[in-house]
Structure formats: structure tokens, C-alpha cells
Amino acid sequence: MILSDMLLIAALGVFVIAWWVRPTPGRRWILLASALAAIIIGIYGYSDDRWQDLGGAFVGAVFLIGLGVVVLKNRLTRTDRTGGVPWLSGIPITIGLIATIALIREFPINPLPKPSGQYAVGVRTFEIDDASRPGIFAAKPDEPRRLLVRVWYPAGDVTGRQPAPYFNKAETASTAQSLGALVGFPPFFTYVRHVATNSYTDAPLLPNAANLPVVIYSHGYTSHLAQNTVLMEELASHGYIAYSIQHTYDSSATAFPNGDVAPTQSDLVETVADEADRPTQADAFGGDTLDKRLNGLLAFQEYSLKNGSRIAVQSTKVWMADRLFLHDTLQKAPPTNVAEIARAGNLTEVGELGMSFGGAIAGELCMYDTRCVVGVNMDGGNFPFSATNADEPVPFLMLHSDPSYLYRSYDIPVPATGPRSFNEFSYERIATAGARPDVYRISIRDTQHLGISDFSLFVGDTVKGAIFGDAPSAIMVGAQNDFILGFLDKHMRGKVSDYPTKELEKFGDAVVVIPNGDLAPWWNAKPEAERAALEARIIASKPTYPGVPILEPTKAAPIAPVTPTPN
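The sequence shown lines up with residues 670 to 1236 when you count with this note's numbering.
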């Protein structure tokens, strides 16, 4: 709770107590003052981006009206009851207080979970502009591709500094409002401005930092670069440098450092809904046999490429170019305020990460960019299909939410064999699927798609269950941290571990492996002519990137372990 929450509850509590205790000296003035105080505090809280306090202001107004009615009645009847217990009026008044508390508690304001690493975490935000790509999406024809980037890094001395808020004021008025608009209530996420992170703005870089492992991350479609701040802080606290990029116009509103705001493209939400509701995509996710699922997937891929899908084709190519531009800029000409951080990281061998659509981009990048040494797809699909029936050339983690929710969303029964990975035909050749020890498919049970983010930390159980899943937030967020950090430590830093055995033991049945070992025998049992025909369809439904060489599936060497010197 913040101060306005506590004062609001206190004011309403005083009113309720005074209402029940009729002999209270000065009772009428106490009731009047406390109701007015609740109204004023609630309105102030609303103006301070705590919209939940407006509910308390409404309750205070009802209390004030009720008090006025009682006073008027007493004057008309020339009575003033000072004894007895006001059961008839006291119970609904008490319910009003309880409802106010419940609303505030359902949208808690607590600091983000502390990262587990040994280093303090610094954070800086900057803009990069790609003049070679003007007029992208909703940009003006002569407007360069403007991109907002945030970096978390191991910091030196942070004594005397205050942790950064989750949203600053500019982001609250733009990014948070546009996120809220997605759920039909623009102020929905504005109160998150009061949540304290564990990152310190512009904190000094850890002294003597060099050759630090680097990861680059992309958010989900229509989301924002800070949606997995907890994960970014966790990685930075363990010595990683973590960059996150916001993909302008395909994201929530983007607040640039100079005050400019780039909104979400106006028709994007409708486009997402239209493209997600195609029957072929439902067949790809929910066919009751492998043949139906593969055919549904290929039909979806063919349709998307033929029609130049705004999401699966156009956005993918733009996001790929965004990521490559960021990576190149950090290597060749980083902005002044992050130049020392860029120099401290190993940018020749990076981890590519992303959530949802950003996860698809991570998988796609690792098929093309030789600087990728590991990839993590956090509950994203495979767009625009390069990884179908193809081995990722690097170790790869496919971290799923609970696929059961996906089946429900399409009103499709869960197969008798259990939920399937919706990327089961991706990141490995079908003929050898399940054989690679460095490709992992892991699911966090009772977690919806949006639960693979920080969002579940900002709501109570009722809202969380409806939007983010029934798993405790500590499981949703903790599993992301542990499985991704463990994967990166093993395959980027070369740390010896039995990953993911320890992590699976820690979370018990809350996290499960999704097997796909049945694909290879199913595929290899097909007649050669049928396999050849399917492979031809798969190849024909893959994209091309002019000027970007396709990688051969060769395994990258791990980065040597890094042990920065503590301050």
C-alpha cells in the first residue's frame, strides 16, 4: 500500500467506528470530517495514478449522503438517536469499507522481488535511430526508425540512490495507458508507477567489468520493453548485461527520452484479433493427430506468406531488422551514455531472448545471425517459420506457459496424451526430434500466456486467475528466472551443471517437461514420397531475407566463465 491507500482506509474506518458507536462525543462532526477526508484522499489518490482510491472516494460520498439523510430526518422528526446499535445501516456501511480495502488489496503495490545475484543493478534508457529505414508502419515517410532501448547491468556503488519506479511519469501517461486500453480500461496499469524496482538509474558500471555475457530481449506484441524487468534484474545481478528493445508502433505507446511519444499503430489490435482467429492457426495448435497439426501449421504458414501477414511476415522482418540494428549499433557506435556498458560486454557472442512475439524473433535471429550463441523463446510461436523442421544452430530453450489455456481459448479438447508444445515442429528437424540434449521444452503449469511476464505481481488472486493464471506469482516469476538463468549459465558461460534437473526438482509438479520424442518415429514411418512432399511444402513456406546469409546448423562455442571484480 502507499500512503493514500492507508489514509483512505483510516478515514473510512473512523467513519464506520463512529457510525456504530452512537454515544461517541462529537460523533456528527467526526462522521462529517472522516467522510470528507475519504473523498478528498480518494480524489488525490486518483490524480496520483492510484485509480483504485477513487472507489474509496465514492464510498466516502455515499457515507456523506447517508449522513446527510440521517441528519435531515432527525431534524424533521426532531429526534436524535444516541443509543442502541445501528444494525440496519451499519452493516452496509461496513461492507463499503470492506469493499474499499478489497479493491486496494486486489491491486497491490509492492516492490519487485529482490534478484538473487551478488551485484547491484543499474539501468539506463536510450534511443537509437535507423535513418536507412524511414516510414516504417505509422511513421511519417521521412521519419527514421526510432527505437527505445533499456539496459540493465551489474552496478558498482549505489549508496544513496533510490531504486527506479516501474514506470516513470511519462511512461505512465503513455505506455501504461496504452497497455490498459488493451483490456478496455486505459488507467488499469497506471498505479504500477508506484512499484519500486531493484534497478538504480544511471548507476556506475561495476568497476573493472569486462567481457560480460550479453543478452538482447524483445517484448510481446503490443507490449513494452520493461514487461520482464524482474528477469532482466535477475540476470544483471548475476553479471549479465541485458538489453531490451521496444519495437515502435507494434508496441504499447513509446515514450522517448526527449518527451516524444509514438503511439501504438491505431489498427493493430484489430489486426492481431483477426490474424489470431484464422481456423488454420487453431488447427495447427489443436489438431488431434500429428498429421492434422502439421497440415494446419503448413496451411497457416502458406496463407500468411501468400497474403503478406501484417504480424507473421511484415512485423517479423521489421523486428529482425530492429534487433540487428541495435546489435550493430552497440558494436560499432553505441550512444555516449551507454558506451562504457557496450564496451564491457561480449557482443560477438550473445544470447537472444524474447517473450511471445519477441520469443519468435529470438528463435528466428538464431537461425541467421552468427553472433547468437543461445536462444530463449518465452511462450512465443515460430514466425515467420524459418525454424519449422530445422535445427537451431545453437542451444535453445522453449519456455511455455500452460498449453491447456491455449486449448481452452480455441474451445479445443486437450489431447488424450496431454497438452502439446505449439512449437513441436520447430527448432529441431522432425526426423530427429527429441534427440538433442541442448533443446529444452518446459512448461509452467497453471500459467496463462501473459503470466510469462511481471504482470502477475501487480494483481491479487482474483484478477490473476482470470488473466494470468492460477499458479502463485512466485512460481510464475521464479520459474522464469531460474530456468532461464540456469540455461544461460550452462550454455553461455559454460558452467558445469545438470540443468534442468535441479530446477525441475525445486519447482516439483509446478513445472513440467513437454516431450516431443514421438515426432521422429511418426515422421520416419511415412513413405519417402510423402515426406518429400511435406518437406517441399515446408521449404516453400519459409521466408527470405535479402542480404542476410542463412546459417548452417553448426554449434557455437560457449563463452568462457566471467567473474567480474566486486566493488
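Every residue gets a Cβ at the ideal spot worked out from N, C-alpha and C, and that includes glycine.
Source: prediction; values computed, not measured.
Determine which residues share a DSSP beta bridge with residue i and list them.
i, result
"I797", "L816"
"L1068", "M1047, I1111"
"S887", "I914, G1023"
"T1057", "S1095"
"P823", "V790"
"A931", "T923"
"P834", "A865"
"C1041", "V1019"
"G1014", "L881"
Please go through the same chain and pick out, in chain order, the residues whose beta-carbon is closer than 7 Å to the beta-carbon of residue i, but skip the five residues on each side of it.
i, result
"G1014", "L881, V883, I910"
"R992", "I885, S887, I914, I1030, L1034"
"S673", "I710, Y713, G714, D717, R719, D722"
"V827", "A789, Y869, A872"
Below 6 Å CB to CB, which residues in the same chain sit around residue i once its five sequence neighbours on both sides are set aside?
i, result
"L959", "W1191"
"I699", "A687"
"A970", "One detail in the question is off: residue 970 reads as Gln in this sequence, not Ala. Once the five neighbours on either side are set aside, the close Cβ partners of Q970 are F1054, S1210."
"T693", "A687"
"L733", "A704"
"G1050", "A1029"
"D1151", "E1172"
"S1166", "K1159"
"T841", "D718, T859, R862"
"A1102", "N1185, L1188, A1189"
First and last residue of the alpha helix (DSSP H) that includes residue i?
i, result
"A880", "It is worth fixing the name first, because residue 880 is Asn in this sequence and not Ala. Segment: none, N880 is in no alpha helix (DSSP H) and carries neither H nor E."
"T1086", "Unbroken run through T1086: none, as it is neither H nor E."
"M1161", "Premise fails: M1161 is in no alpha helix (DSSP H) and is neither H nor E."
"M989", "985–1001"
"F684", "672–689"
"T973", "It is Ser, not Thr, that sits at residue 973 in the sequence shown. Looking at the DSSP string, the run of the alpha helix (DSSP H) that includes S973 is 959–975."
"Q721", "No alpha helix (DSSP H) holds Q721; DSSP gives it neither H nor E."
"D1130", "1130–1136"
"S906", "898–906"
"A1205", "1197–1209"
"R696", "696–716"
"F1176", "1170–1176"
Does the Cβ of residue i have 16 or more other Cβ atoms within 10 Å, making it buried, or fewer, making it exposed?
i, result
"I1208", "exposed"
"P675", "As written in the sequence, residue 675 is Met, which differs from the Pro given in the question. With fewer than 16 Cβ atoms within 10 Å of its Cβ, M675 is classed as exposed."
"V792", "buried"
"D1048", "buried"
"I764", "exposed"
"D919", "buried"
"Q1117", "buried"
"G753", "exposed"
"N897", "buried"
"R744", "exposed"
"Y1178", "Looking at the sequence shown, residue 1178 is not Tyr but Asp. That one is exposed."
"P1169", "buried"
"R1089", "buried"
"Q846", "buried"
"G1087", "exposed"
"T1017", "exposed"
Compute the Euclidean distance between the alpha carbons of residue i and residue j, then round it to the nearest angstrom.
i, j, result
"G1186", "K1195", "16 Å"
"R1200", "Q950", "22 Å"
"P761", "G711", "20 Å"
"A680", "L848", "32 Å"
"M1036", "L723", "50 Å"
"G829", "S868", "13 Å"
"D1038", "S716", "47 Å"
"W1141", "G804", "Here residue 1141 turns out to be Pro, not Trp, going by the sequence shown. Going by the C-alpha atoms only, they are around 43 Å apart."
"R1012", "L851", "38 Å"
"F1052", "P1212", "9 Å"
"A1143", "R696", "45 Å"
"L757", "A1135", "35 Å"
"A1189", "R1105", "12 Å"
"V1042", "G1020", "6 Å"
"R814", "H916", "9 Å"
"N1006", "I1121", "30 Å"
"G786", "P823", "9 Å"
"M989", "P782", "31 Å"
"R962", "A1085", "15 Å"
"P1003", "T1057", "34 Å"
If I follow the unbroken beta strand (DSSP E) through residue i, where does it start and stop?
i, result
"T763", "No beta strand (DSSP E) holds T763; the alpha helix (DSSP H) holding it covers 756–775."
"Y869", "868–870"
"V1181", "1180–1182"
Whose C-beta lies closer than 8 Å to the C-beta of residue i among residues of the same chain, with five residues either side of it excluded?
i, result
"L1154", "E903, L904, H907"
"F776", "Q721, Y860, F1127, V1128, G1129, V1132"
Would residue i pass as an interface residue toward chain B - the criterion being a Cβ-Cβ separation below 7 Å?
i, result
"D919", "Of the protein chains in the structure, only one exists, and it is not chain B."
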